[in-house]
Amino acid sequence: FLAGFGSLMQDVLWCFSQVKGTIDAGVTESDIISTVEFNHTGELLATGDKGGRVVIFQREQESKNQPHRRGEYNVYSTFQSHEPEFDYLKSLEIEEKINKIRWLPQQNAAYFLLSTNDKTVKLWKVSERDKRPEGYNLKDEDGRLRDPSMITVLRVPVLRPMDLMVEATPRRVFANAHTYHINSISVNSDYETYMSADDLRINLWNFEITNQSFNIVDIKPANMEELTEVITAAEFHPHHCNTFVYSSSKGTIRLCDMRTAALCDRHAKFFEEPEDPSNRSFFSEIISSISDVKFSHSGRYIMTRDYLTVKVWDLNMENRPIETYQVHDYLRSKLCSLYENDCIFDKFECVWNGSDSVIMTGSYNNFFRMFDRNTKRDVTLEAARENSKPRAILKPRKVCVGGKRRKDEISVDSLDFSKKILHTAWHPSENIIAVAATNNLYIFQDKVN
Amino acid sequence: MFVRGLKRKCFDGEEDIEGTLAGIKAIPSYNLQRQSLLDMSLVKLQLCHMLVEPNLCRSVLIANTVRQIQEEMTQDGTWQMINTQSTGQASLDRLVSTDILCRSARDQAEGKHAPAYGTFNKEFESDQAQDSSETMSTASSVQAPRNLQSNAWEMENPQENKGNFQKSLDQIFETLENKSPNTVEDLFSEVDNSYYDLDTMLTGMMSNTKMGHCDSLETFSSSTNTASNSNCKSDLNDLDHIVEILVES
Numbered sequence: 029f030l031a032g033f034g035s036l037m038q039d040v041l042w043c044f045s046q047v048k049g050t051i052d053a054g055v056t057e058s059d060i061i062s063t064v065e066f067n068h069t070g071e072l073l074a075t076g077d078k079g080g081r082v083v084i085f086q087r088e089q090e091s092k093n094q095p096h097r098r099g100e101y102n103v104y105s106t107f108q109s110h111e112p113e114f115d116y117l118k119s120l121e122i123e124e125k126i127n128k129i130r131w132l133p134q135q136n137a138a139y140f141l142l143s144t145n146d147k148t149v150k151l152w153k154v155s156e157r158d159k160r161p162e163g164y165n166l167k168d169e170d171g172r173l174r175d176p177s178m179i180t181v182l183r184v185p186v187l188r189p190m191d192l193m194v195e196a197t198p199r200r201v202f203a204n205a206h207t208y209h210i211n212s213i214s215v216n217s218d219y220e221t222y223m224s225a226d227d228l229r230i231n232l233w234n235f236e237i238t239n240q241s242f243n244i245v246d247i248k249p250a251n252m253e254e255l256t257e258v259i260t261a262a263e264f265h266p267h268h269c270n271t272f273v274y275s276s277s278k279g280t281i282r283l284c285d286m287r288t289a290a291l292c293d294r295h296a297k298f299f300e301e302p303e304d305p306s307n308r309s310f311f312s313e314i315i316s317s318i319s320d321v322k323f324s325h326s327g328r329y330i331m332t333r334d335y336l337t338v339k340v341w342d343l344n345m346e347n348r349p350i351e352t353y354q355v356h357d358y359l360r361s362k363l364c365s366l367y368e369n370d371c372i373f374d375k376f377e378c379v380w381n382g383s384d385s386v387i388m389t390g391s392y393n394n395f396f397r398m399f400d401r402n403t404k405r406d407v408t409l410e411a412a413r414e415n416s417k418p419r420a421i422l423k424p425r426k427v428c429v430g431g432k433r434r435k436d437e438i439s440v441d442s443l444d445f446s447k448k449i450l451h452t453a454w455h456p457s458e459n460i461i462a463v464a465a466t467n468n469l470y471i472f473q474d475k476v477n
Numbered sequence: 003m004f005v006r007g008l009k010r011k012c013f014d015g016e017e018d019i020e021g022t023l024a025g026i027k028a029i030p031s032y033n034l035q036r037q038s039l040l041d042m043s044l045v046k047l048q049l050c051h052m053l054v055e056p057n058l059c060r061s062v063l064i065a066n067t068v069r070q071i072q073e074e075m076t077q078d079g080t081w082q083m084i085n086t087q088s089t090g091q092a093s094l095d096r097l098v099s100t101d102i103l104c105r106s107a108r109d110q111a112e113g114k115h116a117p118a119y120g121t122f123n124k125e126f127e128s129d130q131a132q133d134s135s136e137t138m139s140t141a142s143s144v145q146a147p148r149n150l151q152s153n154a155w156e157m158e159n160p161q162e163n164k165g166n167f168q169k170s171l172d173q174i175f176e177t178l179e180n181k182s183p184n185t186v187e188d189l190f191s192e193v194d195n196s197y198y199d200l201d202t203m204l205t206g207m208m209s210n211t212k213m214g215h216c217d218s219l220e221t222f223s224s225s226t227n228t229a230s231n232s233n234c235k236s237d238l239n240d241l242d243h244i245v246e247i248l249v250e251s
């Protein structure tokens, strides 16, 4: 059962469910959330932060006693994934910030995820331990070694229940394969390989092999002086293990087929929308730079996010997107200021809902936007502590562009550009969303009828 | 907040002279806006040397913007004009490359090409020596990109450029050495001054909004490729005058 947005001619009402993180006014830089991702069942929700930590939340079983508490997410495991490093050759620090987390599909009792910083990808195993062996012969209950000469009886240790312990262990470290900063990782549908993409190159890895990777895309020019375009995001097709896409800073998307050549420098498809000459300015290229690319669950469409819009492309049509949604067009007249304060370089992500009928992306002032592809309706919501009463329905927000401002509208000049929603995630099958607002993680659910 | 329509009127030139003049007083000319965007971009590229490791995507986008501005300035003759005044500088064909603009501080330590640092320093000196008038700033900052590309490709820098860039390099390394939290602020305190000077020149009436200095430049975002040469004429006459002064000093 998929509760689509706008299904049955009724709007979905989004309610506050939970918020994680401190309420303190001062935000510690290392607590800033840098990535959010549900696993394939939606049972687990992982976040990565600037301090290199990963926090995994698990949805509690729904209880008959409290039907209104539709499975809250509680902390399941916390671990330090990456540490700050120093590159001695370049005399530069390597940040421990987690750029992306991607889950592997579950194949046994343990959970596996990939987490990456700028340079190194790690495969983590998260497993539960709820039994421990007791009754050793050579050591007593405290772990102290017993004197072998004092042992008169032999016994078989037995497994006894213990308090649940969740352990995270690094199973693989994929290092030293990227000269530039990793911006994307994507698990292949064969579940045996994955790719990691940096500004200029994309590498293909086998999960079992850490000392080798295949370079499948390389756009580094022979002469770096000629560099004018970088890779901004990459993703594997959800079903076809030979197909992937990558986006660029010039607003183009290339689809590549790994069967054609070992080095996929020649694309199979090239997606680019012709520029609108009436909107041309010195900022045109910057705002066309794609910050995120995502395949739909069906594999038929790709969605791209650039500074002002979200676009949906049909894989069969390369010359223009089939849908374009304005995220915050009122910023178009503010581009120079946003260039000055660097906000124009903010990289917003975008996500599909489980049925590919609704898309979501973030904006400023802790606003995030949803677009229903079928009804063409859209809504702006806010992740704020003020709206954080349990099951409080979120009120749609509106930005006033000019002229008279209504009472509950906010004017463009009052927007807080330090409060940006860059990372969001949508549960794979239900209307549950996770929204990262700086150091806080908000979880919203649709209203249970 | 300036209305787009007004800017376009100003841009079209001959149609409404009075309106144009009024427009110029209310809104900085297109050339000035473009110049200020160029300056801002060069500052940003300098800043990228200071950070842990520059964000390559951001650097490439800024460098592309700088290139676009330079190309346009070349096309409408602004660039050409300044170049003919100078003595044996780099050819116009060579525009700024990403690599040069974003070279790390470490490369500079090895004495490789010096990008914006040297030229920026020269700009400060020129600014400080003269009245900070609108046209003065235009002239000296237009020189900055010229020096930028000359520094990039010609090892035989004119003596004055060498002295300047050496001095600014020393400044940079001194502050890098210290690596204190205030380092970047100290380093760019001069930069900031100059930038604010430009800003106050551009928009005497500007109030401090939340968005910063850029309100007058907002209309700028609707620039077109076909810059009218008639706009340049008054600027060019002033530039002539200024360049004469510079060359003599």
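Protein sequence lines correspond, in order, to chains W and Y. 29 is the number of the first residue of the first sequence in the working numbering; add one for each residue after it. 3 is the number of the first residue of the second sequence in the working numbering; add one for each residue after it. Virtual Cβ for every residue (Gly too), placed ideally from N, Cα, C.
Anticipated Cβ contact below 8 Å, residue i with residue j, distance rounded
| i | j | result |
| --- | --- | --- |
| G80 (chain W) | Q108 (chain W) | 6 Å |
| N231 (chain W) | S241 (chain W) | 4 Å |
| N211 (chain W) | T260 (chain W) | 6 Å |
| L469 (chain W) | K128 (chain W) | Actually they are not in contact, since the Cβ atoms of L469 (chain W) and K128 (chain W) sit about 16 Å apart, beyond 8 Å. |
| K159 (chain W) | M190 (chain W) | 6 Å |
| M223 (chain W) | F272 (chain W) | 6 Å |
Inter-residue spacing [alpha-carbon to alpha-carbon] between residue i and residue j
| i | j | result |
| --- | --- | --- |
| S223 (chain Y) | S43 (chain Y) | Its pLDDT being 43, under 50, S223 (chain Y) is placed unreliably in this model, and the coordinates cannot settle the point. |
| Q135 (chain W) | H68 (chain W) | 11 Å |
| D441 (chain W) | S317 (chain W) | 24 Å |
| D304 (chain W) | F310 (chain W) | 13 Å |
| C284 (chain W) | D342 (chain W) | 15 Å |
| P266 (chain W) | Y335 (chain W) | 25 Å |
| N411 (chain W) | N239 (chain W) | The amino acid occupying residue 411 (chain W) in the given sequence is Ala; Asn does not appear at that position. Distance between the alpha carbons of A411 (chain W) and N239 (chain W): 43 Å. |
| D246 (chain W) | N234 (chain W) | 19 Å |
| P161 (chain W) | V186 (chain W) | 5 Å |
| R480 (chain W) | N165 (chain W) | Nothing about residue 480 (chain W) can be read from this structure; chain W reaches only from 29 to 477. |
| E84 (chain W) | T106 (chain W) | It should be noted that the sequence gives Ile, not Glu, for residue 84 (chain W). Each residue's Cα considered, the two are about 6 Å apart. |
| D436 (chain W) | C378 (chain W) | 27 Å |
Unbroken alpha helix (DSSP H) run spanning residue i, endpoints
| i | result |
| --- | --- |
| E368 (chain W) | 363-368 |
| E73 (chain Y) | 58-77 |
Exposed unless 16 or more other CB atoms sit within 10 angstroms - verdict on residue i
| i | result |
| --- | --- |
| E382 (chain W) | Looking at the sequence provided, one finds Gly at residue 382 (chain W) rather than Glu. That one is buried. |
| I330 (chain W) | buried |
| E73 (chain Y) | exposed |
| A262 (chain W) | buried |
| Q70 (chain Y) | buried |
| L63 (chain Y) | buried |
| A65 (chain Y) | buried |
| E90 (chain W) | exposed |
| R229 (chain W) | buried |
Three-state secondary structure assigned by DSSP to residue i
| i | result |
| --- | --- |
| N211 (chain W) | strand |
| T80 (chain Y) | helix |
| Q168 (chain Y) | For Q168 (chain Y), the predicted model reports a pLDDT of 38, less than 50, meaning its position is unreliable; a value from the coordinates is still stated below. Here Q168 (chain Y) sits in helix by DSSP. |
| R179 (chain W) | According to the sequence provided, residue 179 (chain W) is Ile. The question's Arg does not apply to it. DSSP places I179 (chain W) in coil when its eight states are reduced to three. |
| C371 (chain W) | helix |
| N102 (chain W) | strand |
| S43 (chain Y) | helix |
| Q135 (chain W) | coil |
| L120 (chain W) | strand |
| D218 (chain W) | coil |
| Y32 (chain Y) | helix |
| D400 (chain W) | strand |
| V40 (chain W) | coil |
| L72 (chain W) | strand |
Bounding residues of the beta strand (DSSP E) (the contiguous stretch that carries residue i)
| i | result |
| --- | --- |
| I314 (chain W) | It is not in any beta strand (DSSP E) - I314 (chain W) instead sits in the alpha helix (DSSP H) that spans 312-316. |
| S275 (chain W) | 271-276 |
| I244 (chain W) | 242-246 |
| E65 (chain W) | 61-66 |
| N127 (chain W) | Element bounds for N127 (chain W): n/a, residue is neither H nor E. |
| Y353 (chain W) | 351-354 |
| T389 (chain W) | 386-390 |
| Y329 (chain W) | 329-333 |
| E57 (chain W) | No beta strand (DSSP E) contains E57 (chain W), which DSSP labels as neither H nor E. |
| T197 (chain W) | 186-202 |
| L409 (chain W) | 406-410 |
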